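Visitor: Those protein sequences? They're chains A and B, same order as listed. Numbered per this note's numbering, the first sequence spans residues 4 to 335. Numbered per this note's numbering, the second sequence spans residues 4 to 335.
There are 2 protein chains.
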Amino acid sequence: MQRKIVFDLLNIDNGEIFAIKAAKKFSEENPNYSLILVGNEKTIIKLFKTIPNNVKIINNSSILHKTANPRDALRLDTSMLQAFQLLSEENADGILSSGDSGSYVILATLKVSRINGISRPAFMPIMPSIVNKHFLLLDVGANIEIKSNYLVEWFKIANEYYKIIFNREINSFGILNIGTEDYKGLEASKEARETLKLNNKFVGFVEPKDLINGNVDIALSDGYAGNIFLKTMESSFLGVGSYLKKIIRKNLKTKIGGLLLKKELNQFKKTFDYRNVGGAFIIGLNKIVVKAHGGSDEIAFYSALKQIKNAIENNIIEKLNTTFLMGEENGE
Amino acid sequence: MQRKIVFDLLNIDNGEIFAIKAAKKFSEENPNYSLILVGNEKTIIKLFKTIPNNVKIINNSSILHKTANPRDALRLDTSMLQAFQLLSEENADGILSSGDSGSYVILATLKVSRINGISRPAFMPIMPSIVNKHFLLLDVGANIEIKSNYLVEWFKIANEYYKIIFNREINSFGILNIGTEDYKGLEASKEARETLKLNNKFVGFVEPKDLINGNVDIALSDGYAGNIFLKTMESSFLGVGSYLKKIIRKNLKTKIGGLLLKKELNQFKKTFDYRNVGGAFIIGLNKIVVKAHGGSDEIAFYSALKQIKNAIENNIIEKLNTTFLMGEENGE
């Protein structure tokens, strides 16, 4: 069966070149996938040279910039909005963009139907930890405020995604909180904990250190704390990286020291670079929605396309619809 | 005038030895300061050898452990509770402890009166940034939920503290948020922004990277996001530290590399080690309340005592009472 992915190519950080190159590679390697590319037609044709049968080009050079007003995402005729319209019109399976996260979440929420039984979508990145193991974190910004059932629903979805992304079952999951004590945290988190503790893989409240140290495979959170966690972790690692660069440049002695550690430091940088970790899913919707990092290169975009393909071929949306339908019948 | 500081010596991480040694040094160097030490009498006498005139010992060996029930802090006869009782009975100027933060905040809130015009106390650590400059962050856990006026009041207090801690005026301050766009974040933060933007040092909403990169001198936050930020930043830096240690130990080449960078890496570690940054203030109260890090050594405890002395000698409590009294009269 021919599967379809809509790809919004426009990108404020690195331009669209990397996105187009990745699309070219993916379309060549996956003839059973149709790519609908939204972007600057001339640039696309120039880089593709010949347009293969499984690629459709929609000309739109209007990039959605971060705006003061989130309604602009719905109002302005941008490549991102058009990509969502095509997702529905073309009955495509998935969508990829590296544009503004806030707008992407708004459009995904309003333009894609939710899975039956899911109250809200969530933004779910694949996060690195310091022990060479990844974890899923959700939500990181789609929902500033939550109800306890959101966390319970999100766990079920993340649990299914974990299996297809990592090809194994989770060992443990928890709720991100400001302390592990029962009395600490949001009321919604405390209520969700009471429901989730029936699952023997649930370790209760966890703190940022547990996530960074790789102690859980899925970390549930409201979008507010999740976003602060994500950005603080990212900026701390980037900060340390630039600090290390500075001290290595200090003098001849430190330069030699840096040279001797170069291989390992590059590996470290690679591990904590978001571009190597894949795109973030917006989950809970009836399409595969993936947000690639703004600074993505060709490899990162290509990985994100493969990530969508993997989700499609594992029938994740169908599985989730069945899970929640059964959940409701069983009164779970 | 004889000034008084109550010092709860008991400590779950490193025991009380470092605290006692720091108290001894401080009492010898500051004869005009009375120290009221709450802890194990025998251990104190053993380390002091002779008890100077300006030291009073209160025997209490009952440490307050982290509990499932925060009311235990008020119910159990621990050194921390007794320290707060002495703060009031002895009319002392300040209090220091390195015990459980959650309990310390609860006791401070309930046992010490608030400055007139201040709605809630806040937990305010002095934070490191990657540019060798510190900033004040508040709140980091005393208030999970906030109203907009809390942030406005806390700014006024933090602004005064900044002057006495760093001996200069601030250049800029902002509100920690999940984005810089006006529409993002908590309603209380948005309301506070409208009031605070009348101050020309206010830079609006800031993100974790702005704090880590040292772009603001004061960062205002609800206690929930502030706590997640604090713990994520701390754990990220600790995580990188242990990761670096591991890669340096890998083989002879990396060991030599590590050796050549040793001085700089130690400096890095020192910069981001909380013990070198001083205690955290609980502000908004009519006493100087400082929480030292659980892992404090003698130098850290001694610094925390000096930090309290500095606040006392700058008459910060009197100044703040006047500021808020004037603020109210002026309808500010």
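The beta-carbon is built from N, C-alpha and C at its ideal position, and this holds for glycine as well. The structure displayed is predicted, hence computed values, not measured ones.
Are L139/B and A222/B closer than 9 Å when you measure CB to CB?
Guide: For L139/B and A222/B, yes; Cβs fall inside 9 Å.
Visitor: What residue from L90/A, P128/A, S132/A, A86/A has the CA that sits closest to V143/A's CA?
Guide: The candidate whose alpha carbon is nearest that of V143/A is P128/A.
Visitor: So what does R6/A bridge to, in DSSP terms?
Guide: Bridge partners of R6/A: Y36/A.
Visitor: Are any of the Cβ atoms in chain A nearer than 9 Å to that of K322/B?
Guide: So, not an interface residue.
Visitor: Sorted by chain position, which residues of the same chain lie with C-beta nearer than 8 Å to P73/A's C-beta, five sequence neighbours on each side aside?
Guide: Closer than 8 Å at Cβ, skipping near neighbours: G105, S106, I109.
Visitor: Pull up the distance between the alpha-carbon of L12/B and that of A22/B, whole angstroms please.
Guide: Rounded to the nearest angstrom, the two C-alpha atoms are 6 Å apart.
Visitor: Report the rounded CA-to-CA distance for E194/A versus L50/A, giving the unit in angstroms.
Guide: About 53 Å.
Visitor: Is it a yes or a no for the segment 287-303 of chain B touching the segment 92-106 of chain B, going by three-plus beta-carbon pairs under 8 Å?
Guide: A contact exists between the segment 287-303 of chain B and the segment 92-106 of chain B.
Visitor: Report yes or no: is there a C-beta of chain A within less than 9 Å of the C-beta of A228/B?
Guide: So yes, A228/B belongs to the interface.
Visitor: Kindly indicate the opening and closing residues of the beta strand (DSSP E) around L308/B.
Guide: Where L308/B is concerned, there is no enclosing beta strand (DSSP E), although the alpha helix (DSSP H) it sits in stretches over 301-316.
Visitor: Measuring straight from C-alpha to C-alpha, what distance separates L203/A and I173/A?
Guide: The amino acid at residue 203/A is misidentified as Leu; the sequence shows Asn. Each residue's Cα considered, the two are about 11 Å apart.
Visitor: In three-state DSSP terms, what is I61/B?
Guide: Strand, per DSSP.
Visitor: Please work out which residues of its chain come closer than 7 Å, Cβ to Cβ, to K322/B, disregarding the five sequence neighbours upstream and downstream, and give them in chain order.
Guide: Closer than 7 Å at Cβ, skipping near neighbours: E163.
Visitor: How about G261/A and I251/A: are their beta carbons less than 9 Å apart?
Guide: Yes.
Visitor: Considering only the beta carbon of each residue, do N240/A and F275/A sit closer than 9 Å?
Guide: It is worth fixing the name first, because residue 240/A is Phe in this sequence and not Asn. Yes, the pair counts as a contact, with Cβ atoms nearer than the cut-off.
Visitor: From the DSSP secondary-structure annotation, give me the bridge partner or partners of H137/A.
Guide: Per DSSP, P131/A.
Visitor: Quick check on the DSSP output: what are the complete alpha helix (DSSP H) runs of length 4 or more inside the segment 175-215 of chain B, in order along the chain?
Guide: Taking only runs of at least 4 residues, the alpha helix (DSSP H) segments lying wholly in the segment 175-215 of chain B are 190-199, 211-215.
Visitor: Is G177/A near F205/A, with beta carbons less than 9 Å apart?
Guide: Result yes, Cβ atoms of G177/A and F205/A sit closer than 9 Å.
Visitor: How would you label Y227/A, buried or exposed, when you count the other beta carbons within 10 angstroms and need 16 or more for buried?
Guide: Its Cβ being crowded by 16 or more others within 10 Å, Y227/A is buried.
Visitor: Determine contact between the segment 80-87 of chain A and the segment 62-69 of chain A, defined as no fewer than three beta-carbon pairs at a distance below 8 Å.
Guide: The answer is yes - the segment 62-69 of chain A touches the segment 80-87 of chain A, with three or more Cβ pairs under 8 Å.
Visitor: Does DSSP put K253/A in a helix, in a strand, or in coil?
Guide: Three-state result, K253/A: coil.
Visitor: Is N216/B close to chain A? Criterion is C-beta to C-beta, closer than 9 Å.
Guide: Cβ-Cβ to chain A under 9 Å: yes for N216/B.
Visitor: Counting contacts by CB-CB distance shorter than 9 Å, is E197/A in contact with chain B?
Guide: For E197/A, the answer is no, since every Cβ of chain B falls outside 9 Å of its Cβ.
Visitor: For chain A, is any of its Cβ atoms less than 9 Å away from the one on S238/B?
Guide: Interface residue, yes.
Visitor: How would you list, in chain order, the residues of chain A whose beta-carbon sits under 7 Å from the beta-carbon of P73/B?
Guide: Neighbours of P73/B on chain A, chain order: Y186.
Visitor: Given that a residue counts as buried once 16 or more other Cβ atoms are within 10 Å of its Cβ, and exposed if not, what is R196/A?
Guide: So R196/A counts as buried.
Visitor: CA-CA distance, K150/A and S224/A?
Guide: Cα-Cα distance, rounded: 11 Å.
Visitor: What is the DSSP secondary structure of I168/B, reduced to helix, strand or coil?
Guide: In the structure shown, I168/B sits in a helix (DSSP, three-state: H, G or I).
Visitor: Could you tell me whether the Cβ atoms of S132/B and L214/B are closer together than 9 Å?
Guide: The answer is yes: Cβ separation under 9 Å.
Visitor: Going straight from the alpha carbon of G282/B to that of A191/A, what length do you get?
Guide: For G282/B and A191/A, the distance between alpha carbons rounds to 32 Å.
Visitor: Given that T325/B touches chain E, what residues does it touch there, using C-beta distances under 7 Å?
Guide: Looking for chain E here will not work: the only protein chains present are A and B.
Visitor: Candidates N324/B, T326/B, K309/B, E316/B: which alpha carbon is nearest A26/B's?
Guide: Taking only the C-alpha atoms, the option nearest A26/B is K309/B.
Visitor: Closest by CA to G120/A, which one among Y153/A, P34/A, K266/A?
Guide: Checking every option, the nearest Cα to that of G120/A belongs to Y153/A.
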